[in-house]
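**Q**
Next up, the structure:
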């Protein structure tokens, strides 16, 4: 028995793009073969993309996916890649009319060979798999050149029982799992700890291949790896980029691993701020690419939120593809306009100034608004202008709201909330500042221009919708607010827990009331990347009509 | 053994309003007792409201619900209602840290007595119960005065096995099921057919108590009933209103049923148009009541969509609480303005005219828009005005889009799509016309003014955003379009199916492309009542980023 060379193909698929995804498998399989791989492993639901949601329920889609798998097996064979074991994920059914399954297949010598169906179907958080799939019941252990390779799909290794336990009892040489594991901060270490436990349980290394890329409100960070039963990392692919890694399963009795095939890489650990920043950029970049946008437009207020979003956009699509629009009103300070212009110049973005006084007066002659209504109309005039740029130039409009605002409803629906994508919607305000500082620091380290004007970082936040307005007029100080929000939303602490956390009763009541009342606005907010353990959206499904108040 | 008098308490609960829901139970229990009932039965999850979604995951909520059940049992007892068996639904856990259960409890003589946990957890369509609950495992048969009453909750009777089969084997005198079964057209008959099958299976009548009322995008139509094993309706409560019905389970050997307690009612079957119309009105009415709105505002274009929505609003909250805003542009025909004024006058609505020329010119001086961007800006100016009314007067803004428009993306996001609620979003355009005609016909029958101007019904539909524009310039004829949409969306037919249905290839391709590309707009669309077998929203969860094209 000879050592077995694996390639870990950490690719970025697109939901529904069967031909495109298959093309990418061809390309990576060819590269892997050239480098001497015997087995190349792709992420969960490679051919269909992931997650496919209710597309799984469409018979024509399942049929097309199945044809694609067969075509791909033939094409691989014709291209001389028949001897390679190509492991991909797709949607499957055993018989017409069956409920679909989340399936792994092996393409080998021109045919679709073997099949393993995901056993544990996650249906919590952002996942809806029990809704669309039925569970597999069989444990599958492949024999490849005498090596026993046990198969699992994502959630299967998060549970102690089921297939993993059966494989532990039957004995395997490698536990191979393909994944579509969405990013959240710190999850990489959770995955590795878990995989190490499973490796101990089965007494063999675990190979964890994850997809990379953005899909609507999810970002997949890649970070594929191989880990030994003693918890040693044997390979680690980088995060947030496509990557073809290699690792060799030694022959029996050759535990040290003779050097066959390419070296395994060992990507560095990213610091928290960088990881989160890159997740947001990738989410935006892939939303643009997969929905055929090449440029973005957004309002530049001179504040930190729009500055950070613009910096991310510059990293996603290049500063020259950004249309930054300054839309000053009578309440906009000179400093704000300067900061917006400074930002655009630093990024190399297009910059246009569209003062809103004329429109504001036109509406006010008719409507004579006061108070919040008068504030909102300014934000909505800006929303109209941003969408006009989007419509006229085919640009993706970006909403610049952060998670603290979204939580408290501190934004104007159809105003600053307009857009097709909202890159920082899962970042609390204090994190927005952190990432802005990190991004500037990174630029300094690289000897480049800091993208974000210092003034946008240090000045007190204001919506500038009335004279002398500051966010702190309406909201608790952001340091405090974000702590309460984190406890209330991400940790789901109730009122008593929050008091026990040490927050004062007035603050707790104010924040809980604001959050609970803003659900209707959040429902109409654009998609944006989940980067925390609990994001707004399908991760947290609360009724709009909800009288519960603690 | 004496006959057992049941009261069917078909009430309208509010999600999260534990005290309010308990108060309603007290009130109905007292009425039931006064009329000689021994058992009073409330709908699924009475105390918490239904569906509670991720509120189920909040420990403080579950604790509060449990306290409420205990308090209520005590209060009933103190009010002299202790001897009554009060059957309510709530959320339950057996131990701290357990996953929650969808639970039925019996309140009797001051204590929370017996408990049955829902066995089958629906997780398809609009349902997410597997996400939030864990299944009950025990079958429960109550002994009430010697009668064997088997318990089930909603989905439990939609499955042949499980508790129903066990009860069939053990023998019962009545199968009692409490429900939160959302309305869709024609579902009443489906429920009765199903219940009749179950009654045959268990060899005893089935009592089906359903909730009534609107909750976000769902409407519960009530229509509670009792059906015999031979399929005879023994009681039938009306749809769309709260109701306390009665039915007596005869003593053994007295199958004919001696007359004890009040007579059972037998509500009439509603015709399809009336049923759907009333569902939309109840959805709107309850959204308003439960979110504390007393009035609405909407743009009145003179077209059929805004006319029907206004008529529904008048039925939901009274014409005097409607603010109708006519916002003519240079492209608005005189007829449109007249029709809008006529509508407002028929409904007794407030009516204000806000021409948009000044705002349009103000934007155009700055932006010089053409084509679709120029069309959109008119719709968005109107959106700003509608929201200004909403903000200034505390009104619920209504979006007037229909399902055909929503399907094809034939609306302006942040324009005519603004609002907190969208009463006709699940009605295809042809159904909008049908319901308008039905509503006028009903008015004629009652000798009242027809609410909807005939001209709004008969004229060719137009968005009036450019000279001489007609919907038919951009879309297939609505009769044809709606057939294709119905097949593609509600029946999930693929391209080949649609061709086999007899539609021509160009139409099919046009419609599929329009529907698939509009997903991002639908995500940001307001909530509105589901009335068909498949509504947009959580009923049909498709990715925005989705390259699949047949």
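Residue numbers (the working numbering), protein chains in the order written: chain L, 1 to 550; chain F, 1 to 550. Ideal Cβ placement from N, Cα and C applies to all residues, glycine included.
#1: Report all residues from its chain with a CB closer than 7 Å to the CB of residue 385(F); omit the five preceding and five following residues, and keep chain order.
#2: What is the C-beta distance between residue 47(L) and residue 68(L), in whole angstroms, given that I count them as a contact (C-beta under 8 Å)?
#3: When DSSP builds the beta bridges, which residues end up paired with residue 6(F)?
#4: By the DSSP assignment, the alpha helix (DSSP H) with residue 381(F) in it spans what residues?
#5: Can you give me, in chain order, the residues of the segment 478-510 of chain F that have a beta carbon less than 8 Å from any beta carbon in chain L?
#6: Quick check on residue 439(L): buried or exposed, where buried means 16 or more other Cβ atoms within 10 Å of its Cβ?
#7: To the nearest angstrom, how far is it from the Cα of residue 18(F) to the Cα of residue 546(L)?
#8: Listed from N- to C-terminal order along the chain, which residues in the segment 286-297 of chain F have their beta-carbon within a distance smaller than 9 Å of any beta-carbon of chain L?
#9: I'd like the list of long-range same chain contacts for residue 467(F), defined as Cβ closer than 8 Å, with 5 residues on each side in sequence excluded.
#10: Counting C-beta neighbours from all protein chains within 10 Å, is the total for residue 334(L) 16 or more, i.e. buried, or is it exposed?
#11: In chain order, what are the residue ranges of uninterrupted alpha helix (DSSP H) at least 4 long that sit wholly in the segment 97-139 of chain L?
#12: Compile a chain-ordered list of the residues in the segment 431-451 of chain F whose CB is closer than 7 Å to at least one CB of chain L.
#13: As a quick exercise: from 162(L), 485(L), 370(L), pick the residue whose alpha carbon is nearest that of residue 503(L).
#14: Measure the alpha-carbon distance for residue 554(F) versus residue 239(F) and round it to whole angstroms.
#15: Run down chain L in chain order and give the residues with a C-beta less than 7 Å from the C-beta of residue 520(F).
#16: State the CB to CB distance for the pair residue 244(L) and residue 32(L), rounded to an integer number of angstroms; the pair is presumed to be in contact (CB under 8 Å).
#17: Where do the N-terminal and C-terminal ends of the beta strand (DSSP E) with residue 298(L) fall, by residue?
#18: Which one of 38(F), 36(F), 72(F), 16(F) has the shortest CA to CA distance from residue 61(F)?
#19: What does DSSP give as the partner residue(s) for residue 397(F) in the beta ladder?
#20: How many angstroms separate the CA atom of residue 193(L) from the CA atom of residue 155(F)?
#21: Here's the rule: buried if 16 or more other CB atoms are within 10 angstroms of the residue's CB, otherwise exposed. What is residue 1(L)?
#22: How close, in whole Å, do the beta carbons of residue 492(L) and residue 58(F) come, if the pair is a contact with beta carbons under 8 Å?
#23: Between the alpha carbons of residue 538(L) and residue 126(L), how many angstroms are there, rounded?
#24: Who are the near neighbours of residue 177(L) in its chain, counting only those whose CB is closer than 6 Å to its CB and skipping five residues on each side?
#25: Can the beta-carbon of residue 349(L) be found less than 8 Å from the beta-carbon of residue 314(L)?
#26: Using a Cβ-Cβ cutoff of less than 7 Å, which residues in the same chain neighbour residue 257(L) once the five nearest sequence positions on both sides are dropped?
#27: Would residue 414(F) count as contacting chain L if we go by Cβ distances under 8 Å?
#28: Taking residue 511(F) as the reference, give the member of 549(F), 523(F), 543(F), 526(F) with the closest Cα.
#29: Report the three-state DSSP secondary structure of residue 152(F) (helix, strand or coil).
#30: Give me the chain F residues within the contact set of residue 130(L), using Cβ-Cβ distance strictly less than 7 Å, ordered along the chain.
#31: Please classify residue 436(F) as buried or exposed, where buried requires at least 16 other C-beta atoms within 10 Å of its C-beta.
#32: Look at the Cβ atom of residue 542(L), then the Cβ atom of residue 55(F), and state whether they are nearer than 8 Å.
#33: Around the Cβ of residue 190(F), are there at least 16 other Cβ atoms within 10 angstroms (buried) or fewer (exposed)?
#34: Comparing alpha-carbon positions, which option in 93(L), 109(L), 65(L) lies nearest residue 80(L)?
#35: According to DSSP, is residue 541(F) helix, strand or coil?
#36: Just to make sure I have the definition right: I need the residues of chain F whose C-beta is within less than 8 Å of the C-beta of residue 15(L). Which are they?
**A** Quick look at the numbers:
#1: What you label residue 385(F) is simply residue 385 of the second chain in a count that begins at 1. Answer for residue 385(F): 325, 327, 354, listed in chain order.
#2: As a position in the first chain, residue 47(L) is number 47, starting the count at 1. As a position in the first chain, residue 68(L) is number 68, starting the count at 1. By a beta-carbon distance limit of 8 Å, residue 47(L) contacts residue 68(L). Their separation comes to about 5 Å.
#3: Residue numbering aside, residue 6(F) sits at position 6 when the second chain is read from its first letter. Paired residue(s): 39(F), 247(F).
#4: For the purposes of this step, residue 381(F) is taken as the residue at position 381 of the second chain. That run of the alpha helix (DSSP H) goes 371-393.
#5: Going along the segment 478-510 of chain F in chain order, one finds 492, 494, 495, 496, 497 with a Cβ nearer than 8 Å to chain L.
#6: Indexing the first chain from 1 puts residue 439(L) at position 439. Flag for residue 439(L) reads buried.
#7: Here residue 18(F) refers to the residue found at position 18 of the second chain. Here residue 546(L) refers to the residue found at position 546 of the first chain. The straight-line gap from Cα to Cα measures roughly 10 Å.
#8: Residues passing the 9 Å Cβ filter: 286, 287, 290, 291.
#9: Mapped onto the second chain, residue 467(F) falls at position 467. In its chain, beyond the 5 residues on either side, 331 have a beta carbon closer than 8 Å to the beta carbon of residue 467(F).
#10: The sequence position of residue 334(L) within the first chain is 334, counting from 1. Its Cβ having fewer than 16 others within 10 Å, residue 334(L) is exposed.
#11: Here the runs fully enclosed are 129-132.
#12: The residues in question: there are none.
#13: Position 503 of the first chain, counted from the start, is the residue given in the question as residue 503(L). With distances taken between Cα atoms, residue 503(L) lies closest to 485(L).
#14: This structure does not reach residue 554(F), given that chain F is present from 1 up to 550, and the question cannot be answered.
#15: Indexing the second chain from 1 puts residue 520(F) at position 520. Residues of chain L passing the Cβ test: 420.
#16: The residue given as residue 244(L) occupies position 244 in the first chain. The residue given as residue 32(L) occupies position 32 in the first chain. Residue 244(L) to residue 32(L), Cβ: 6 Å. Contact.
#17: If you number the first chain from 1, residue 298(L) lands on position 298. 296-299 is the extent of the beta strand (DSSP E) around residue 298(L).
#18: In the second chain, the residue the question calls residue 61(F) occupies position 61. Ranking the options by Cα distance to residue 61(F), first place goes to 16(F).
#19: By one-based count along the second chain, residue 397(F) stands at place 397. Under the DSSP definition of a beta bridge, residue 397(F) partners with 297(F).
#20: Here residue 193(L) refers to the residue found at position 193 when the first chain is read from its first residue. Here residue 155(F) refers to the residue found at position 155 when the second chain is read from its first residue. Per the coordinates, the alpha-carbon of residue 193(L) lies some 39 Å from the alpha-carbon of residue 155(F).
#21: The count along the first chain starts at 1 and reaches residue 1(L) at position 1. Exposed: under 16 other Cβ atoms inside 10 Å.
#22: Here residue 492(L) refers to the residue found at position 492 of the first chain. Here residue 58(F) refers to the residue found at position 58 of the second chain. The C-beta distance from residue 492(L) to residue 58(F) rounds to 6 Å, short enough to fall under 8 Å.
#23: For this step, residue 538(L) is matched to residue 538 along the first chain. For this step, residue 126(L) is matched to residue 126 along the first chain. Inter-residue distance for residue 538(L) and residue 126(L) is about 5 Å (C-alpha atoms, whole angstroms).
#24: Taking the first chain and counting its residues from 1, one reaches residue 177(L) at position 177. 152, 157, 208.
#25: The sequence position of residue 349(L) within the first chain is 349, counting from 1. The sequence position of residue 314(L) within the first chain is 314, counting from 1. Against a cut-off of 8 Å, the Cβ pair of residue 314(L) and residue 349(L) comes out as a contact.
#26: Translated into the one-based positions of the first chain, residue 257(L) becomes position 257. Residue placement at residue 257(L) cannot be trusted, given a pLDDT of 49 that sits under 50; what the coordinates show is reported in the next sentence. Counting only Cβ-Cβ distances below 7 Å, and skipping sequence neighbours, we find 248, 250.
#27: Residue mapping note: residue 414(F) aligns to position 414 of the second chain, counting from 1. Yes, its Cβ sits closer than 8 Å to a Cβ of chain L.
#28: Position 511 of the second chain, counting from 1, holds the residue named residue 511(F). With respect to the C-alpha of residue 511(F), the residue from 549(F), 523(F), 543(F), 526(F) having the closest C-alpha is 549(F).
#29: Residue mapping note: residue 152(F) aligns to position 152 of the second chain, counting from 1. Residue 152(F): strand per DSSP, three-state reduction.
#30: By one-based count along the first chain, residue 130(L) stands at place 130. The answer, in chain order, is 123, 130.
#31: The residue you call residue 436(F) lines up with position 436 of the second chain. Buried, because 16 or more other Cβ atoms sit within 10 Å of the Cβ of residue 436(F).
#32: Counting from one through the first chain, the residue named residue 542(L) turns up at place 542. Counting from one through the second chain, the residue named residue 55(F) turns up at place 55. Yes. Within cutoff.
#33: The residue labelled residue 190(F) in the question sits at position 190 within the second chain. So residue 190(F) counts as exposed.
#34: Looking up residue 80(L) in the first chain gives position 80. Out of 93(L), 109(L), 65(L), 109(L) has the C-alpha closest to the C-alpha of residue 80(L).
#35: Along the second chain, read from residue 1 onward, the residue named residue 541(F) stands at position 541. Shown here, residue 541(F) sits in coil according to DSSP, grouped into three states, outside any helix or strand.
#36: Here residue 15(L) refers to the residue found at position 15 of the first chain. Correct list: 543, 545, 546, 547, 548.
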